[in-house]
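Taking our numbering, the leading residue of the sequence shown gets 140, the next gets one more, and so forth. Written below as structure tokens is the structure these notes are about.
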Amino acid sequence: MPRLLVTGFEPFGGEPTNPSLELVRWLEQGAARERGVSLDTAVMPVDRSRYAAALAELIERRRPHAVIALGQATGRPTIDLESTAHNAIDYRGQRDNGGHEALGEALEPNGPEALETPIALGTVRAALVHGGHPVALSTDAGRHLCNALYYDLLRRRVPALFVHVPLLPEQAARRGLGEPSLDADVTRACLLDLLQLLPEHLPARP
Ligand code: PCA
């Protein structure tokens, strides 16, 4: 049975929750049982001094065949499959939960400018859209910790897919800025189908 690791992020930016955290907690309650995959889950810190060690420990201990990493994308209307991780970190004037800044520096000095997922995202997206899920492809995972985590996963050559999910309706309502949101039921149904179809789309193992 394929072993998948699904990660989310803790809340950040003053939000009381994070839709990716909610998805991970939901999986931990057994939502994906009997779906033909063995699942590990983890919630990552939104702290640039801690995420890399947390990820390294997880990968070494659990040795997943693939990782689905989830994160919140404020302002986006669709569930976005990210193709690319960029070698830069920039919080655009904000601070992370550890109080750190990020001013556009490289994640890996002398590393490649960008890394691409080895997973055939066009096919994965087509299957999800066929299943009725509001999924789009994105080539820009931002420059915050979602992108940084993705870069780290791809650098380690772990087959990985980063999925950005919109705000929950209650978050968007509280913020009062007219930002798009998606109901938890919609992202949950999409994640279940993704978990089931991803193993068919992984690159051949050496
Ligand atoms: N979203 C941020 C970091 C954590 C999260 O859930 C991002 O898009 O980088």
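Where is the CB? At the ideal position from N, CA and C, for every residue including glycine. The structure presented is a predicted model; accordingly, all values stated were derived computationally and were not measured.
Segments of 3+ residues assigned as beta strand (DSSP E) that fall wholly inside the region 191 to 276 | 205 to 211, 218 to 221, 223 to 225, 242 to 244 and 253 to 255
So which of Gly175, Gly153 and Leu144 has the shortest CA-CA distance to Ala162?
-> The sequence position of residue 162 within the sequence shown is 23, counting from 1. Checking the sequence, you will find Leu at residue 162 rather than Ala. Considering only alpha carbons, the answer is Leu144.
Measure the CB-CB distance between Gly147 and Val182 and report whether it falls below 8 Å.
-> Taking the first residue of the sequence shown as 1, we reach residue 147 at position 8. Taking the first residue of the sequence shown as 1, we reach residue 182 at position 43. Cβ atoms of Gly147 and Val182: closer than 8 Å.
Is it buried or exposed for Gly210, if we count other Cβ within 10 angstroms and need 16 for buried?
-> In the sequence shown, the residue the question calls residue 210 occupies position 71. Answer is buried; the Cβ neighbour count reaches 16.
Any chance the CB of Ser222 is under 7 Å from a heavy atom of the ligand PCA?
-> Sequence index remark: in the sequence shown, residue 222 carries index 83 (1-based). Incorrect: Ser222 has no Cβ contact closer than 7 Å to the ligand PCA.
Drop a sphere of 10 angstroms on the beta-carbon of Ala299, count the other beta-carbons inside from all chains shown, and report buried for 16 or more, exposed for fewer.
-> For the purposes of this step, residue 299 is identified with residue 160 of the sequence shown, where counting begins at 1. The residue in question, Ala299, is buried, as its Cβ has 16 or more Cβ neighbours within 10 Å.
Taking Ala193 and Leu293 to be in contact with their CB atoms under 8 Å, please state how far apart those CB atoms are, rounded to whole angstroms.
-> Position 54 of the sequence shown holds residue 193. Position 154 of the sequence shown holds residue 293. Ala193 to Leu293, Cβ: 17 Å. No contact.
Please confirm whether Asn236 and Asp186 have their CB atoms less than 8 Å apart.
-> Start at 1 with the first residue of the sequence shown, and residue 236 comes out as number 97. Start at 1 with the first residue of the sequence shown, and residue 186 comes out as number 47. Contact: yes.
Give the secondary structure of Asp186 by DSSP, where H, G and I count as helix, E and B as strand, and everything else as coil.
-> Here the question's residue 186 lines up with position 47 in the sequence shown. Correct three-state label for Asp186: coil.
On the premise that Ala280 lies in contact with Pro246, defined as a C-beta separation below 8 Å, what is that separation, rounded to the nearest angstrom?
-> Here the question's residue 246 lines up with position 107 in the sequence shown. Here the question's residue 280 lines up with position 141 in the sequence shown. A small correction: the amino acid at residue 246 is Leu; Pro does not occupy that position in the sequence shown. Their Cβ separation, rounded to whole angstroms, is 12 Å, which puts Leu246 and Ala280 out of contact at 8 Å.
Could you name the residues that DSSP lists as bridge partners for Asp179?
-> As a first step, residue 179 is located in the sequence shown; it is residue number 40 there, counting from the start. Leu144, per the DSSP bridge assignment.
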